[in-house]
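J.: My structure is below; once you've seen it, I'll send some questions.
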Amino acid sequence: MASVNKKFAVEKGLEVGDDALVVDADNNKTGIGKTNAKYGLDVATTANFDGIIAAGQVGIGSTQPTDNLDVVGDAKFGGKIKDNAGGAGTDGQVIISTGSGTGASWSTQAEIYTLASDANNSIQFKKASNGKFQGADNFVYDPTNKRVGIGSTLPEYLLQVA
0 MASVNKKFAV EKGLEVGDDA LVVDADNNKT GIGKTNAKYG LDVATTANFD
50 GIIAAGQVGI GSTQPTDNLD VVGDAKFGGK IKDNAGGAGT DGQVIISTGS
100 GTGASWSTQA EIYTLASDAN NSIQFKKASN GKFQGADNFV YDPTNKRVGI
150 GSTLPEYLLQ VA
């Protein structure tokens with residue numbers, strides 16, 4: 000097949016069908032399902048699309064996306080969610096931030112932990128009802144003196160039970 004080196008240009012505008020596609024060449028805007036496009040690509044909500052593409056960023060439910068993909072609202076995934084390396088993880092894993100700005104990675108839940116003390120030196124425990132780590136004001140560890148207090152925030156002995 001011979002190649003054709005021709006360009007199709009729209010200088011003043013183009014309308015296809017009953018406002019199905021409108022190209023406003025003077026203002027560099029294209030409307031799908033609407034006659035007066037407000038954005039570079041403006042799609043009518045009857046076309047089942049509520050998003051915008053701006054400066055290479057895609058907004059779904061947002062007219063001012065601030066990241067490459069900016070989703071405002073709920074999301075439903077019918078396929079795989081992949082990490083930075085393209086892996087979909089295995090059963091029981093969760094995807095977490097690597098914290099280094101290089102993306103996310105899969106991790107086994109048992110490997111996810113937090114430090115076992117807070118500003119008040121309370122010992123952390125996992126609350127069964129919601130699975131969150133929380134502290135207990137009446138169960139503390141004194142790292143300076145290596146003491147544990149139950150019912151005492153300032154234990155005087157190796158183990159002090161009030």
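Each residue of the sequence shown is one higher than the one before, counting from 0 in this note's numbering.
For every residue, glycine included, the Cβ atom is placed at its ideal position computed from N, Cα and C.
Determine the direct distance from the alpha carbon of leucine 157 to that of leucine 68, and round the result to whole angstroms.
T.: Taking the straight line joining both Cα atoms gives about 54 Å.
J.: To the nearest angstrom, report how far apart threonine 97 and valine 22 are at their CA atoms.
T.: Approximately 44 Å, taken between the alpha carbons.
J.: Smallest Cα separation from asparagine 83: which of Gln63, Thr65, Gly77 and Ser106?
T.: For asparagine 83, the nearest C-alpha among the options comes from Ser106.
J.: Quick one: what's got a C-beta closer than 8 Å to threonine 29's C-beta in the same chain, skipping five residues either side?
T.: Around threonine 29: Leu20, Val21, Val22, Asp23, Ala36, Gly39, Leu40 and Asp41.
J.: What are the complete beta strand (DSSP E) segments, minimum 3 residues, inside the stretch 66–113?
T.: Entirely contained in the stretch 66–113, the beta strand (DSSP E) runs reaching 3 residues are, in chain order, 68–70, 92–96 and 103–107.
J.: I need the straight-line Cα distance from threonine 143 to glycine 88, nearest angstrom please.
T.: Each residue's Cα considered, the two are about 42 Å apart.
J.: Going by DSSP, name the residue or residues bridged to leucine 176.
T.: A question about residue 176 goes unanswered here, because the residues of the chain that appear run from 0 up to 161.
J.: Of all the options Gly86, Asp73 and Lys75, which has the alpha carbon lying nearest to the alpha carbon of serine 104?
T.: Comparing Cα positions, the closest option is Gly86.
J.: Going by the CB atoms, is the gap between glycine 72 and proline 190 shorter than 8 Å?
T.: Residue 190 lies beyond the stretch modelled for the chain, which goes from 0 to 161, so this question has no answer here.
J.: Can you grab the Cα-Cα spacing for the pair glycine 32 / aspartate 25, in whole Å?
T.: So the alpha carbons of these two residues sit roughly 19 Å apart.
J.: With a threshold of 16 other CB atoms inside 10 Å of the CB of aspartate 90, please say whether the residue is buried or exposed.
T.: Label assigned to aspartate 90: exposed.
J.: Go through its chain and collect everything with a Cβ distance to lysine 79's Cβ below 7 Å, but skip five positions before and after it.
T.: Ala87.
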